[in-house]
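Residue numbering for the sequence shown follows my numbering, starting at 5 and increasing by one per position.
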Amino acid sequence: MLSEHGLAPELSEAEQDEFVRQLLALTGTRAILEDTLPAVIGSGESPVGGCKKSLIGAENDFVLLQVWQVDAACVEQLQQRQQEVRQAKNKGVVLSLLGGSGADPAAAAAFAAVIQEMALPVVVLVDHMTSGSAEVLAGQLRQNGALLIGEKTHGLPGPVKVVTLQGGHRLLVPAAETAEKAAPMLQPDLLLSKDEMSGPHDIPPSWLAQAMDFLAAVNALE
Numbered sequence: 005m006l007s008e009h010g011l012a013p014e015l016s017e018a019e020q021d022e023f024v025r026q027l028l029a030l031t032g033t034r035a036i037l038e039d040t041l042p043a044v045i046g047s048g049e050s051p052v053g054g055c056k057k058s059l060i061g062a063e064n065d066f067v068l069l070q071v072w073q074v075d076a077a078c079v080e081q082l083q084q085r086q087q088e089v090r091q092a093k094n095k096g097v098v099l100s101l102l103g104g105s106g107a108d109p110a111a112a113a114a115f116a117a118v119i120q121e122m123a124l125p126v127v128v129l130v131d132h133m134t135s136g137s138a139e140v141l142a143g144q145l146r147q148n149g150a151l152l153i154g155e156k157t158h159g160l161p162g163p164v165k166v167v168t169l170q171g172g173h174r175l176l177v178p179a180a181e182t183a184e185k186a187a188p189m190l191q192p193d194l195l196l197s198k199d200e201m202s203g204p205h206d207i208p209p210s211w212l213a214q215a216m217d218f219l220a221a222v223n224a225l226e
C-alpha cells in the first residue's frame, strides 16, 4: 500500500515474501508462508485422497506412506491397503507428513488407530510445513511409540484460513475461533535440516536412509 502512494520503494515478489516472514517473526504470529502453491503436485502423486503407498529398501521390505492431506478419503485408502502393509515381509513403516495438512482431527485419530493395528515399528517424517490434521497425527503416533525425525512442526494443528499474497503465495494463519489456542511445535526425536530448494512433499534421501536404518535396527533387536 505504501509503495502505491510513493511512500516506499516497490518490492519484488521475493522481497515481499521476506518482508512477510520477518513481520511474522517479529509479531510471533503462528502462520505458514507457503513457498509453492499446493496445486503443484509432484510426479507420481495424486490429489485424490492425498496419500500414496510404495515399497522401499534393498529388499522392498519397508513401506513408505506419503500423506499430504489427512482426511477421510486418505484413511479409507489406508484401511483398504492395511493387509498389504501387514504382510510378514514388511519390517516397518516410514510415514512422510512433509508439507502435510488437513482440517479433520477425527481423520487423524482414525489414521493413527489403523497404523497402531498394523503392529509395525513406525518412523514419521515432519517439517516446518506439517500442520493441521497432519500435525495432530504426528503427535498421536509419537504417543503410540513412533519415532519423529525432521524439522520442528509449526504449531498449527487446528483450522486455518488462507490469505493469498500478491505474488501468488499463500499465507496460512489460525482461524479466528482457534487463534487464542496456540499449540506447541512438535520437536522431532532426531532434528534434521532440509534443502530449501526441495519441493513441499519431497523426501530428502538422507532422511529416508536414516528412517530405514532405524527400522532395521529395531528389527535386529527383536
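Just so you know, even glycine gets a beta-carbon here, dropped at the ideal spot from N, CA and C.
C-alpha distance - residue 198 paired with residue 109, whole-angstrom precision: As a position in the sequence shown, residue 198 is number 194, starting the count at 1. As a position in the sequence shown, residue 109 is number 105, starting the count at 1. Taking the straight line joining both Cα atoms gives about 27 Å.
Beta strand (DSSP E) runs contained entirely in the region 76-107, provided each spans 3 or more residues: 97-100
Rounded straight-line distance, which links the Cα of residue 126 to that of residue 149: Translated into the one-based positions of the sequence shown, residue 149 becomes position 145. Translated into the one-based positions of the sequence shown, residue 126 becomes position 122. When rounded, the distance between both Cα atoms is 8 Å.
For residue 78 and residue 226, the rounded distance between their alpha carbons: The residue given as residue 226 occupies position 222 in the sequence shown. The residue given as residue 78 occupies position 74 in the sequence shown. Distance between the alpha carbons of residue 226 and residue 78 is about 31 Å.
Check whether residue 119 and residue 101 have beta carbons under 8 Å apart: Taking the first residue of the sequence shown as position 1, residue 119 is located at position 115. Taking the first residue of the sequence shown as position 1, residue 101 is located at position 97. No, they are not a contact pair.
Helix, strand or coil at residue 212 [DSSP, three-state]: As a first step, residue 212 must be located in the sequence shown, where it is residue number 208. Helix.
Cβ shell of residue 64 (< 7 Å), same chain only, five flanking positions each side left out: If you number the sequence shown from 1, residue 64 lands on position 60. For residue 64, where only same-chain residues beyond five positions count, there are no Cβ hits under 7 Å.
Same chain, Cβ closer than 7 Å to residue 190, five either side skipped, listed in chain order: Within the sequence shown, the letter at position 186 stands for residue 190. These residues qualify, in order along the chain: 130, 139, 142, 143, 152, 156 and 157.
CA-to-CA distance, residue 88 to residue 221, given in whole angstroms: Position 217 of the sequence shown, counted from the first residue, corresponds to residue 221. Position 84 of the sequence shown, counted from the first residue, corresponds to residue 88. Going from the Cα of residue 221 to the Cα of residue 88 covers about 22 Å.
Simplified DSSP assignment, three categories, for residue 191: Taking the sequence shown and counting its residues from 1, one reaches residue 191 at position 187. Reduced to three states, the DSSP call for residue 191 is coil.
Cβ pair residue 111, residue 76 closer than 8 Å: Working through the sequence shown from its first residue, we reach residue 111 at position 107. Working through the sequence shown from its first residue, we reach residue 76 at position 72. Their beta carbons are under 8 Å apart, which means residue 111 touches residue 76 by this criterion.
According to DSSP, residues forming a beta bridge with residue 59: Counting from 1 along the sequence shown, the entry for residue 59 is found at position 55. Note: residue 59 sits in a beta bridge opposite 67.
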